[in-house]
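Remarks on the structure that follows.
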Amino acid sequence: MKSSNKAYVFKWKAAIMLIVTFSFLQSCDEDIPSIKSLPILAPTKVDETAGNWKTVLNINASSISLPTAEAISSAAYQAELAELVSLSTNRTASQTNTANYWAAGAVVRWNEIARALVAKYNIAPIVGAPANPNKPFSNPPFAARAYALLSVAQYDALVTTWKFKYQTNRPTPASTNGSIKLLTPETTLPSFPSEHAVVAEASRKVLEFLFPAEKEYLQKLADENKNSRKWAGANTQSDLDAGTSLGSQVATLAINRAKTDRMSQAGSQTTFIDYFNIARIAESERWTSLELPYRPPMLPLYGKVKPWYDSLSAFAALPPAPPSLSSAEFKNALQEVRTIADNRTREQWRIADFWADGAGTFTPPGHWNLIAQDLIIDAKWSEVRSARVFSLMNRAVMDAGILCWYAKYQYYLPRPSQVDPAIKTATGIPNFPAYTSGHASFSAAAATLLAYLFPSKASQLLNQADEAALSRLYGGIHYRFDNDRGKECGAKIGQLAVAWAQADGAN
Amino acid sequence: MQFKITIGFVLMVVLSAQGQGMIDGFMRGRGNLTTALSYSTESYDTYYVKDSAVNNPNLGTISTTSVNLFAAFGATKYLDVVIGLPFVSANASQGYWSTQSALQDFSIYLKGRVYEKDFGALGKLSAMAAAGYIMPASNYVPDAPVAIGHRSKNLEGRLLIQYRLPFGLFLMTQGGYIQRGNITIDRGYEVSVPDAWDYVVRVGGSYKIFYADAWLNIQRARSGTNIGAGIAFPTNAVSYQRAGFTLYSSVPPIKNLGVSAGMSFTLSGENIGKATRISIGIVYNVPVIKDKNN
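Keeping their order, the protein sequence lines are chains A and B.
Going by this note's numbering, the first residue of the first sequence is number 2, and it counts up by one from there.
Going by this note's numbering, the first residue of the second sequence is number 4, and it counts up by one from there.
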């Protein structure tokens, strides 16, 4: 009896040891990196003529003043090269990590940073709280504008940078001094001004305008981005200084546009009632907030914000009125939402959640920036061509949002659950009218443009946009016609972006 | 020895609906199979965001009901195999979030007695170790305000010490570690579900036809996030202190049949509902293998 007890003691000790060991092994597998590792950008083309591409803000390069580039042979520049030799050969492990992080591309990394800030600020304020400029609510329309503004500043600044690069024609530090230990790939792209410094400074300034409380954080990132280029052996101090100056000047132009784009009035909770003459709609057919306590609708005058593409053509795409609540067409559409909600499959739930991009996330426009980022990285495009993608796409996404928001307040259509409270949802019910779907509008605009730029991925992208739209029907928060009209409108705006891309000189 | 068998299952019947309390300080005895079917209902209108209690009028009261199948089998005198499988349904009284209903997690434990010392009239001390594996029994939704579980695959290790006084009184303590694997959420990426330490203290009395106990359960997440906008629900650091009691009585006219009832209360917590739970169950003992040594 005693001996068998001992045997069990031994076995159980062994079993416990095994459990502990296995737990330890599995915890190692559990670690999820907080920073996404991306490949070092090695562009297949340098895009020498990008300096001639059309800018969005009509940047006049002659109005941009930059410090003079000292000659290669000058003592000042030779001292800068000596600094790079020292920094790149004595690179610490942490400097190498930082340099690798930014070497994935300044455009891509600052887009990621913007997405993280949008997610951080995408929290609805407490009902009734006064607006706090230090805590903007980065909801989808706000985010669409933020991404557009950032991308336009990056793109215009980079086009101007390319112009200056080929005017100055300063060879890369590593091609002048063979002792520099280059971390990034060799390139024929002239190094003055540094495209990284341009993007860092333009992005820092635009993001600080949007998220004032992040001033110090953004400055730290911009400094790090610039320093990373010295650690990588890719740019000297004067390359960086010129880039900083250029990025700053173009960012100021972008911010000036933003100050007069009517966004500051978009949140007005009184004037929209008259502007859209909400009183003409019977009370029983009028949208109302389903939140407790009642929350005023999101950015009701966003539909009046200045669009990026030709505004007359854009507003020609405004969708027609939705079917009236008493029509058979509406009742059928409502019944479809109800049937899906009552019999929702797990896959429909997954799709609803995958595209939801709700509170605390980078929003649907952010989702399309992520999709675009992956395409750009795969394509190995230069910084300026990468910025072009984001600029074309985010302007389209914002304009589609403007039209969508105009329709929402023009027609003020209730959400399905307001009409039939038995409709239960797989996602949060957005606090604004249903018609048309923001997801459908944003997604169709983005996918139409991306399909043009990445033709081999066209069908996949358009399927993704369709799924994003359907996800709202599956979620129980949109009628199918919200999606269909939203997609049509988004696709028309996407075509305006395509037309712009065909004429911007980059093809 | 017969009353020993009667007791062990009760706790599980009442508590196991969400993987808690599957392991007690009693062995089944070789060849004995205990089966149980229980029903639990719990609800809360207050939940903790980190450690501050809040109400959400857009969710109202969250109610969860579960039906739990349970079985424990004495493979040898020293080794029990314990399994559980609950069907859980959760809904919110306010707002429009869809109800969630699904088979939740299948759990299987091996529990072995590793030490026992009889002090005669002073009582008996025993120590046990248990290892458990928990896996989702369906592809339920883990990342929503109304959800029925984490959907992670877990490994659990527990050590128990029980001291039994004469007259059926006992004191049990146990400590365990729950290692939860990562899950892929519907948003399309993998997240980490925090591991946790779990402790239970239980006092009670067990008799041939009657059993009663009172218990305290403390669970502490080792890491994790707090409930917040954009935060995937399964990544939250869930910690709590709960207390409860259990009652069991056999149903004398029917051999081997018993009924159980219990309640539990959430005393405090982090990132969890302040829930009160009521459970009832029926228990049936099947002596599968006749063994005179038992």
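Backbone N, C-alpha and C fix where the C-beta goes; we use that ideal spot for every residue, glycine too.
List, in chain order, every chain A residue whose beta-carbon is nearer than 8 Å to that of residue 151/B.
Within the second sequence, the letter at position 148 stands for residue 151/B. Going along chain A, no residue has its Cβ under 8 Å from residue 151/B, so there is no contact; the nearest lies around 13 Å.
Nearest CA to the CA of residue 60/B: which residue from 199/B, 39/B, 96/B, 81/B?
Translated into positions along the second sequence, residue 60/B becomes position 57. For the residues 199/B, 39/B, 96/B, 81/B, the minimum Cα distance to residue 60/B belongs to 96/B.
Which residues in the same chain have their Cβ closer than 8 Å to the Cβ of residue 385/A, if we skip the five residues on either side of it in sequence?
The sequence position of residue 385/A within the first sequence is 384, counting from 1. Same-chain partners within the cutoff: 48, 51, 54, 156, 159, 160, 162, 163, 196.
To which residues of the same chain is residue 275/B closer than 8 Å at the C-beta, ignoring the five residues directly before and after it?
Counting from one through the second sequence, the residue named residue 275/B turns up at place 272. The residues are 50, 51, 241, 242, 243, 269.
Among residues of its own chain, excluding the 5 on either side of residue 135/A, which ones have a beta-carbon nearer than 6 Å to its beta-carbon?
Indexing the first sequence from 1 puts residue 135/A at position 134. Excluding positions up to five away in sequence, the list reads 213, 214.
Is the CB of residue 346/A under 8 Å away from at least one CB in chain B?
For this step, residue 346/A is matched to residue 345 along the first sequence. It does not: the Cβ of residue 346/A has no partner Cβ on chain B nearer than 8 Å.
Leaving out five residues before and five after residue 393/A in sequence, what residues of the same chain have Cβ atoms less than 7 Å from its Cβ?
Translated into positions along the first sequence, residue 393/A becomes position 392. Cβ neighbours of residue 393/A beyond the five flanking positions: 450, 498, 501, 502.
For residue 71/B, decide whether its Cβ has a neighbour in chain A, counting only Cβ atoms nearer than 8 Å.
Counted from its first residue, the second sequence places residue 71/B at position 68. Closer than 8 Å: no.
In chain order, what residues of the same chain have a beta carbon less than 6 Å from the beta carbon of residue 220/B, not counting five sequence neighbours either side?
Residue mapping note: residue 220/B aligns to position 217 of the second sequence, counting from 1. Correct list, in chain order: 203, 245.
Among all the DSSP beta bridges, which residues are the ones paired with residue 83/B?
For the purposes of this step, residue 83/B is taken as residue 80 along the second sequence, with counting starting at 1. Partner(s): 77/B, 114/B.
Using a 10 Å radius around the Cβ and a threshold of 16 neighbouring Cβ atoms, would you call residue 211/A buried or exposed?
The residue given as residue 211/A occupies position 210 in the first sequence. Buried, because 16 or more other Cβ atoms sit within 10 Å of the Cβ of residue 211/A.
In this structure, does DSSP put residue 367/A in helix, strand or coil?
On the first sequence, residue 367/A is found 366 positions in, with the first residue counted as 1. It is helical.
What are the boundary residues of the beta strand (DSSP E) that includes residue 167/B?
For the purposes of this step, residue 167/B is taken as the residue at position 164 of the second sequence. That run of the beta strand (DSSP E) goes 157-167.
If residue 105/A and residue 40/A are in contact, beta carbons under 8 Å, what's the gap, nearest whole angstrom?
Reading the first sequence from its first residue, position 104 is the one you call residue 105/A. Reading the first sequence from its first residue, position 39 is the one you call residue 40/A. Sure, about 7 Å apart at Cβ, within 8 Å.
Is any beta-carbon of chain A found at less than 8 Å from that of residue 97/B?
Along the second sequence, one-based indexing puts residue 97/B at 94. Answer yes: the Cβ-Cβ gap between residue 97/B and chain A drops below 8 Å somewhere.
Which residues does DSSP list as the beta-bridge partners of residue 38/B?
Taking the second sequence and counting its residues from 1, the one referred to as residue 38/B is at position 35. 74/B, 287/B, per the DSSP bridge assignment.
Can you tell me which of 125/B, 102/B, 72/B puts its alpha carbon nearest to the alpha carbon of residue 65/B?
Numbered from its first residue, the second sequence carries residue 65/B at position 62. Closest by alpha carbon: 102/B.
Any contact between the segment 293-313 of chain A and the segment 448-468 of chain A? By contact I mean 3 or more CB pairs, one from each, below 8 Å.
Counting Cβ pairs under 8 Å, fewer than three are found: no touch.
Could you tell me the alpha carbon to alpha carbon distance between residue 1/A and residue 483/A, rounded to whole angstroms?
Given that chain A is displayed from residue 2 to residue 508, the structure contains no residue 1/A and the question cannot be resolved.
Out of curiosity, what's the CA-to-CA distance linking residue 263/B and residue 47/B?
Your numbering for residue 263/B matches position 260 in the second sequence. Your numbering for residue 47/B matches position 44 in the second sequence. When rounded, the distance between both Cα atoms is 23 Å.
Which one of 458/A, 171/A, 193/A has the shortest CA to CA distance from residue 243/A?
On the first sequence, position 242 is the one that residue 243/A refers to. Of the candidates 458/A, 171/A, 193/A, the one whose C-alpha sits nearest the C-alpha of residue 243/A is 193/A.
Check the C-beta distance from residue 40/B over to residue 284/B and give it rounded, since I have them as a contact under 8 Å.
Here residue 40/B refers to the residue found at position 37 when the second sequence is read from its first residue. Here residue 284/B refers to the residue found at position 281 when the second sequence is read from its first residue. With a Cβ gap of about 6 Å, residue 40/B and residue 284/B count as contacting.
Using DSSP with H/G/I as helix, E/B as strand and the rest coil, what is residue 274/A?
On the first sequence, position 273 is the one that residue 274/A refers to. In the structure shown, residue 274/A sits in a helix (DSSP, three-state: H, G or I).
Is there a Cβ from chain B that is less than 8 Å from the Cβ of residue 38/A?
As a first step, residue 38/A is located in the first sequence; it is residue number 37 there, counting from the start. Output row for residue 38/A: interface = no.
For the alpha helix (DSSP H) that contains residue 461/A, what are its first and last residues?
As a working mapping, residue 461/A is identified with position 460 in the first sequence. 459-476 is the span of the alpha helix (DSSP H), which, as asked, contains residue 461/A.
To the nearest angstrom, report how far apart residue 136/B and residue 108/A are at their CA atoms.
Start at 1 with the first residue of the second sequence, and residue 136/B comes out as number 133. Start at 1 with the first residue of the first sequence, and residue 108/A comes out as number 107. One C-alpha to the other measures close to 46 Å.
Taking 8 Å as the limit between beta carbons, can you name the residues of its chain near residue 281/B, skipping five residues before and five after?
Within the second sequence, residue 281/B is the residue found at index 278, counting from 1. Closer than 8 Å at the Cβ level, and outside the excluded window around residue 281/B, lie 43, 44, 45, 264, 265, 266.
Under DSSP, the beta strand (DSSP E) around residue 244/B begins and ends at which residues?
As a working note, residue 244/B is residue 241 in the second sequence. 242-253 is the extent of the beta strand (DSSP E) around residue 244/B.
Can you tell me which of the three DSSP states residue 225/B falls into?
Residue numbering aside, residue 225/B sits at position 222 when the second sequence is read from its first letter. It is coil, neither helix nor strand.
With DSSP as the reference, label residue 183/B as helix, strand or coil.
Taking the second sequence and counting its residues from 1, the one referred to as residue 183/B is at position 180. Looking at residue 183/B - three-state DSSP - the assignment turns out to be strand.
Indicate whether the contact test is met: 3 or more Cβ pairs, each with one atom in the segment 66-77 of chain A and one in the segment 392-412 of chain A, closer than 8 Å.
Segments in contact, no.
Can you pull the chain B neighbours of residue 350/A, defined as C-beta to C-beta under 9 Å?
Residue mapping note: residue 350/A aligns to position 349 of the first sequence, counting from 1. Correct list: 101, 144, 147, 189.
Buried or exposed: which applies to residue 508/A, given that a residue is buried once 16 or more other Cβ atoms fall within 10 Å of its Cβ?
For the purposes of this step, residue 508/A is identified with residue 507 of the first sequence, where counting begins at 1. Exposed is the call here.
My output table needs one value for residue 107/B: the three-state DSSP class, helix, strand or coil.
The residue labelled residue 107/B in the question sits at position 104 within the second sequence. In this structure, residue 107/B counts as coil in the three-state DSSP scheme.
So if I threshold CB-CB distances at 9 Å, which residues from the segment 112-125 of chain A count as touching chain B?
Against chain B - using a Cβ distance shorter than 9 Å - the residues of the segment 112-125 of chain A are 120, 121, 123, 124, 125.
Closest Cβ-Cβ distance between residue 4/A and chain B: below 8 Å?
Walking along the first sequence from the start, residue 4/A turns up at place 3. Any reading at residue 4/A needs caution, since the residue's pLDDT is 45, under 50, leaving its predicted position unreliable; the model's value is listed next. Answer no: the Cβ-Cβ gap between residue 4/A and chain B never drops below 8 Å.
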